[in-house]
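Take a look at the structure below.
Residue numbers (this note's numbering), protein chains in the order written: chain A, 1 to 199; chain B, 1001 to 1199.
This is the structure:
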């Protein structure tokens, strides 16, 4: 088996969401696994002097339209939620907590959280919403609430963000395959082409 | 015949260059013409608070690598020139001057200028280099030198940049098709998909 695709995503990122709906099909096509890494864009934006897309003059309007259009072109359920963007610390910690026990379940949770926010407009910045969504994939809200409050889970998220930044990750989605970095849902085709050229 | 694709590009933009090598094939596939619009990113970066890609911390390194990789994936001759980026007022004015007389020749000039800079490392920020390159497509250096010094050509470039910004153009390459805006070489496939969905 070839090395997995490292898939970095922020739960508040529309292109991260779009990528999350297609990354497994891409990986299967490339005969690889996916390693899911929830990250936080806040510290990365600080490092690059960047800001949430919709807050950038002129570009912001373009991207609001491009979100809708991209969703439509790839047939992905999407409605820009309100509020947007949001803080996603609880969602990211929840995924990391579950990942330690059952990575397949953690992936289902990630996809369910993304769908709740971007297709159903549920505000997953709120811990109680994260717990309710987790319940829908069979997780215990009580256990998860205690889990994401653990110091080691808080530290793990910080460490993961800092490890990602050390690998050059600065946006969402961000994919690393065989040491090669690709930023953006629009780079899926480049990943395909690049791996074909290496073969 | 359907409406043409408006193709906005800055002569110092690598992705604009990549797009310039493929836009005619895309247009032919879509049974459309291309209208070539040289623009200047400087005023647009001011409007969006943006900066040349390579000057952005962390992202800059990613993009220097992505330039090379994209060129390789699409089999486009490319070597990041030195200096980069550059001012391209002379190149843009030259294209506009020629466009008034012969738009097909102006397109040949644009492609030749891009190739001179990004494949041959010629510094097309210098007027004498622009004139020499123009000579290679059969233009008179003497006439062109006088042409690009005309007040109406200087005013035309300013007007074109401001018209582009009024249409929401903020980057290079930028394509507008049937009123729909697409930013980036990586949006070619979205243009295809979008037009298919409209059909």
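Just so you know, even glycine gets a beta-carbon here, dropped at the ideal spot from N, CA and C.
Sub-9 angstroms separation of residue 23/A and residue 164/A beta-carbons: no
Beta carbon proximity, residue 1184/B to chain E, threshold 9 angstroms: Annotation note: the requested chain E is absent from the structure, which comprises protein chains A and B.
Which residues DSSP lists as bridging residue 38/A, in chain order: 9/A
Separation of residue 72/A from residue 82/A, as counted between CA atoms: 19 angstroms
Contact check, residue 1170/B vs residue 1044/B, beta carbons under 9 angstroms: yes
Where residue 120/A sits in the DSSP three-state scheme: coil
C-alpha distance - residue 1167/B paired with residue 1181/B, whole-angstrom precision: 9 angstroms
Cβ of residue 115/A within 9 angstroms of any chain B Cβ: no
Coil, strand or helix - residue 1180/B by DSSP: strand
Residue span of the alpha helix (DSSP H) that contains residue 152/A, given as start and end: 151-166
Contacting residues, own chain, Cβ-Cβ under 6 angstroms from residue 12/A (five flanking each side not counted): 85, 86 and 88
C-alpha gap between residue 1124/B and residue 1117/B, whole angstroms: 6 angstroms
Closer than 8 angstroms at the beta carbon, the chain A residues around residue 1194/B: 69 and 73
Beta-carbon gap between residue 21/A and residue 76/A smaller than 9 angstroms: yes
Cβ distance (whole Å) where residue 1133/B is taken to contact residue 1113/B below 8 angstroms: 6 angstroms
Contact set for residue 1130/B: own chain, Cβ-Cβ below 6 angstroms, skip 5 residues either direction: 1090, 1091, 1094 and 1124
Presumed contact (8 angstroms Cβ cut-off) between residue 1110/B and residue 1036/B, rounded CB distance: 6 angstroms
Member of 1032/B, 1026/B, 1154/B and 1115/B whose CA lies at the smallest distance from the CA of residue 1137/B: 1115/B
Three-state class that DSSP yields for residue 44/A in the structure shown: helix
Inter-residue spacing [alpha-carbon to alpha-carbon] between residue 142/A and residue 151/A: 17 angstroms
Residue range of the alpha helix (DSSP H) that includes residue 14/A: 14-29
Burial state of residue 1065/B, where buried means 16 or more other Cβ atoms lie within 10 Å: exposed
Partner residues on chain B for residue 189/A, Cβ-Cβ distance less than 7 angstroms: 1189
Backbone CA spacing between residue 1053/B and residue 1172/B [nearest angstrom]: 11 angstroms
Where residue 963/B falls, given that 16 or more other Cβ within 10 Å makes a residue buried: Any property of residue 963/B remains undetermined from this structure, which presents chain B solely from 1001 to 1199.
For residue 175/A, the residue or residues it bridges with in DSSP: 7/A and 182/A
Cβ separation of residue 195/A and residue 177/A, assumed to be a contact under 8 angstroms, to the nearest whole Å: 7 angstroms
Terminal residues of the alpha helix (DSSP H) in which residue 102/A lies: Element bounds for residue 102/A: n/a, residue is neither H nor E.
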